[in-house]
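Take a look at the structure below.
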């Protein structure tokens with residue numbers, strides 16, 4: 001029941017029937033204009049299927065859209081309000097929204113609690129109105145929601161300045177709007193698909209715990225990524241996280257890995273307890289996977305988005321370069337995994353099929369004169385081998401006899417049909433990058449170094465073990 | 001358990017203090033079944049002599065004063081007191097040192113404790129995080145905590161699995177597991193202590209702000225552990 005409640009409450013943020021943009025304007029570059037443009041464009045593209053209602057007392061029409069002069073005038077199908085008007089006007093607008101019966105509000109406007117007492121007072125007032133009327137609020141002081149499949153895009157950075165990523169099974173949640181925007185822009189470039197993004201700024205009402213629960217029930221989302229600055233209600237966060245991580249992986253990047261600073265502590269323990277060690281404990285106890293940095297977070301997210309979970313920690317490595325194989329083997333040890341001991345059948349099969357100068361073993365080195373066929377043979381054997389739980393395929397696309405597109409097809413094919421996770425490593429420059437993307441497009445996560453590939457596999461192993469144990473404790 | 005501990009806490013709060021002296025802290029710990037030595041608080045020299053006789057020489061003498069929480073700095077701890085004569089001598093000295101260190105020090109008495117056989121030193125602590133609440137800390141004592149900060153935290157309450165993971169995840173774990181031919185330490189005793197501290201803090205979270213059990217001596221497998229020194233800081237009464 002509780003779950004139904006959170007899904008019902010938050011659904012209009014992602015799938016509104018009609019959105020009211022309060023503070024919509026025709027002045028280019030204004031927040032109220034960019035958000036209106038986002039919706040309008042997505043409507044024209046056929047992605048946003050709802051109605052768009054600009055609200056502005058001083059205008060009658062924007063770009064052919066009828067402008068409503070007040071919230072009161074809005075049609076009754078309005079179920080999401082996006083507020084982009086100066087802070088002092090927001091409480092009154094909230095009252096009108098309450099009266100109108102709209103239950104989902106995104107307050108983009110800044111200038112509240114982050115600026116001082118008067119702002120905090122207004123926040124309290126807004127929250128009271130929301131609570132009394134069953135309204136859920138994202139923000140204030142935020143960029144809100146980006147949902148490429150339904151066309152909701154309240155990110156007030158225009159498309160001309162910030163690319164939007166394509167859709168995918170990764171959810172991204174960030175308190176900071178600036179970080180969220182930069183991340184979306186980067187994800188677009190890196191070809192990482194983001195199914196839904198929420199950035200809630202001051203987190204007046206809807207918080208991490210709510211969003212996590214919503215995404216837990218969202219079939220589109222396979223993995224959640226969090227950029228956390230601070231958590232308001234620590235215990236609520238922990239309870240939600242414990243529940244959610246048993247269903248879907250949650251990866252968190254916690255900023256400020258430093259100490260509290262001059263925190264007054266009378267005990268020895270108090271002086272050792274920085275915010276960072278506490279978050280470490282929280283993540284360990286709730287099963288959240290902690291990312292070291294931005295790159296790490298999306299390395300892991302990519303693997304979770306595309307791979308099946310391994311049954312164990314025995315890694316099989318296929319490479320066409322000896323050095324890369326050694327680097328991968330080192331990384332296997334470094335991240336606490338094991339090199340698989342290949343079965344007799346695998347060894348026999350590969351020795352029969354491979355030329356004598358290829359190295360059969362783990363790693364199996366198909367060597368520099370390889371063609372795509374050797375990758376097929378090695379993958380076939382590794383996928384069948386009961387001693388192998390997960391496979392790392394290193395492809396140096398630069399070798400002369402390798403047909404790039406053929407090997408991409410082969411790897412993608414095995415990744416699809418095998419129940420073992422397969423991640424790829426492609427080291428090189430511009431040309432390699434192009435093939436790496438082609439392989440990713442076909443559903444295989446690709447990493448630029450063996451270490452990062454193995455680190456991603458380690459996260460899959462860690463999470464699979466966690467699910468097996470049934471809990472974090 | 002809770003009632004008994006609360007009784008001690010209420011007494012301390014009633015006297016207008018938030019920092020418990022070692023003796024009081026240990027009573028709270030004892031109420032939850034944590035291993036504290038057989039110690040007694042002597043208010044007079046006669047009592048001290050009587051308790052030392054009961055415990056058996058050599059003994060340790062520690063002066064208890066709410067104003068003197070860093071006992072070694074004030075030189076009010078006397079180790080290895082071997083006889084009634086020496087005890088009388090040290091009784092005078094300990095009081096003199098206390099007066100020198102803090103002329104206004106209120107003296108609650110002198111704790112008479114047995115000399116403990118040294119073991120591997122660990123620290124167990126508790127602190128309160130503003131967002132997440134009370135957290136429990138575990139680490140090896142001495143330089144491991146002072147210099148290397150080789151400690152680990154969990155939010156309270158913890159499970160047995162948490163406790164075991166805490167012990168095994170610190171870098172110094174091999175020292176407990178038995179490095180270089182040493183006998184392994186009593187890991188079960190540490191698990192038991194962590195769980196009891198967690199329960200104590202969970203039940204008394206409205207009262208306890210911070211806590212240090214430092215050091216705790218852990219003996220060989222099956223031989224248990226003992227809390228040598230302890231501090232508890234209470235929350236101001238709201």
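Chains as they are written, first to last, in full-length UniProt numbering: chain A, 1 to 473; chain B, 1 to 238.
Beta carbons are placed, not taken as given, at the ideal position from N, Cα and C, and that holds for glycine.
Starting from residue 217 of chain A and walking both ways along the beta strand (DSSP E), at which residues does that stretch end? Where residue 217 of chain A is concerned, there is no enclosing beta strand (DSSP E), given that its DSSP letter is neither H nor E.
On the DSSP bridge assignment, give the partners of residue 146 of chain A in chain order. The partner list for residue 146 of chain A (beta bridge, DSSP) reads A:153, A:197.
Pairwise C-alpha distance: residue 320 of chain A and residue 395 of chain A: 6 angstroms
Straight-line gap, residue 358 of chain A to residue 158 of chain A (C-alpha atoms, nearest Å): 53 angstroms
If I'm right that residue 10 of chain A touches residue 208 of chain A with Cβ under 8 angstroms, what's the distance once you round it to whole angstroms? Contact doesn't hold; Cβ gap of about 13 angstroms is too wide.
Tell me where the beta strand (DSSP E) around residue 54 of chain A begins and ends. 51 to 55
Contact with chain B by residue 473 of chain A, beta-carbon distance below 7 angstroms: Model confidence at residue 473 of chain A stands at a pLDDT of 41, short of 50, so the residue's coordinates are unreliable; what they give is reported in the following sentence. So yes, residue 473 of chain A belongs to the interface.
Would you report the Cα separation of residue 173 of chain B and residue 275 of chain A, rounded to the nearest angstrom? 24 angstroms
Between B:148, B:133, B:171, which has its C-alpha nearest residue 154 of chain B's C-alpha? B:133
Alpha-carbon spacing of residue 232 of chain B relative to residue 129 of chain B, whole angstroms: Distance between the alpha carbons of residue 232 of chain B and residue 129 of chain B is about 16 angstroms.
Keeping to the same chain, check which residues put their C-beta closer than 8 angstroms to that of residue 262 of chain A; ignore five residues upstream and five downstream. At residue 262 of chain A, the pLDDT of 37 sits below 50, so the modelled position is not reliable and the matter cannot be decided from this model.
Please check if any C-beta of chain A sits within less than 7 angstroms of the C-beta of residue 144 of chain B. At a cut-off of 7 angstroms between C-beta atoms, residue 144 of chain B does not count as an interface residue with respect to chain A.
Give every residue of the same chain whose Cβ lies closer than 8 angstroms to the Cβ of residue 127 of chain A, excluding the five residues on either side of it in the sequence, and list them in chain order. Take residue 127 of chain A, set aside five residues on each side of it, and the residues of its chain with a beta-carbon closer than 8 angstroms to its own are 137, 204, 205, in chain order.
Check for me: the alpha helix (DSSP H) holding residue 296 of chain A runs from which residue to which? 294 to 306
Assuming residue 414 of chain A contacts residue 383 of chain A (C-beta within less than 8 angstroms), just tell me the rounded distance between them. 6 angstroms
Output yes if chain D places a C-beta closer than 7 angstroms to the C-beta of residue 154 of chain B; else output no. Note that chain D does not occur in the displayed structure, where the protein chains are A and B.
Suppose the cutoff is 7 angstroms on Cβ atoms and the five residues either side in sequence are ignored; what does the same chain contact list for residue 283 of chain A look like? 252, 290
Would you identify the three-state DSSP class for residue 215 of chain B, choosing helix, strand or coil? strand
Taking all protein chains shown into account, do 16 or more other C-beta atoms lie within 10 angstroms of the C-beta of residue 44 of chain B, making it buried, or fewer, making it exposed? exposed
Nearest residue (CA-CA) to residue 168 of chain A, options A:156, A:72, A:182, A:197: Closest option to residue 168 of chain A, Cα to Cα, is A:197.
Have a look at B:182, B:227, B:124 and flag the residue whose alpha-carbon is nearest the alpha-carbon of residue 211 of chain B. Of the candidates B:182, B:227, B:124, the one whose C-alpha sits nearest the C-alpha of residue 211 of chain B is B:124.
So residue 145 of chain A and residue 152 of chain A are supposed to be a Cβ contact under 8 angstroms. How far apart are they, rounded? 5 angstroms
Any non-hydrogen atom of the ligand FAD within 6 angstroms of residue 213 of chain B CB: You won't find the ligand FAD in this model; it holds no ligand whatsoever.
Mapping the DSSP letters down to three states, classify residue 26 of chain A as helix, strand or coil. coil
Is it the case that the Cβ atoms of residue 116 of chain B and residue 217 of chain B are separated by a distance below 7 angstroms? yes
Alpha carbon to alpha carbon, what distance is there between residue 109 of chain A and residue 86 of chain A? 6 angstroms
Return the CA-CA distance between residue 473 of chain A and residue 195 of chain B, expressed in angstroms with no decimal places. Because residue 473 of chain A sits at a pLDDT of 41, beneath the cut-off of 50, its placement in the model cannot be relied upon, and the following sentence gives the value as read from the coordinates. Using only the alpha carbons, I get a separation of about 13 angstroms.
At a CB-CB cut-off below 8 angstroms, which residues of chain B make contact with residue 238 of chain A? 132, 155
Just to confirm before moving on: does the CB-CB distance between residue 418 of chain A and residue 387 of chain A stay below 7 angstroms? No, they are not a contact pair.
Applying a beta-carbon distance threshold of less than 9 angstroms, which residues of chain B neighbour residue 230 of chain A? 131
Give me the chain B residues within the contact set of residue 462 of chain A, using Cβ-Cβ distance strictly less than 8 angstroms, ordered along the chain. None at all; the shortest Cβ gap to chain B is about 13 angstroms.
Decide if residue 204 of chain B is buried, meaning its Cβ has at least 16 other Cβ atoms within 10 Å, or exposed. buried
Hey, does residue 163 of chain B have any beta-carbon neighbour from chain A nearer than 7 angstroms? no
Give me the subset of the stretch 306 to 336 of chain A whose CB atoms are less than 8 angstroms from a CB atom of chain B, sorted by chain position. none
For residue 84 of chain B, which residues in the same chain have their Cβ closer than 6 angstroms to its Cβ, ignoring the five residues on either side in sequence? 49
Where do the N-terminal and C-terminal ends of the alpha helix (DSSP H) with residue 129 of chain B fall, by residue? Per DSSP, residue 129 of chain B belongs to no alpha helix (DSSP H); it is in the beta strand (DSSP E), 120 to 129.
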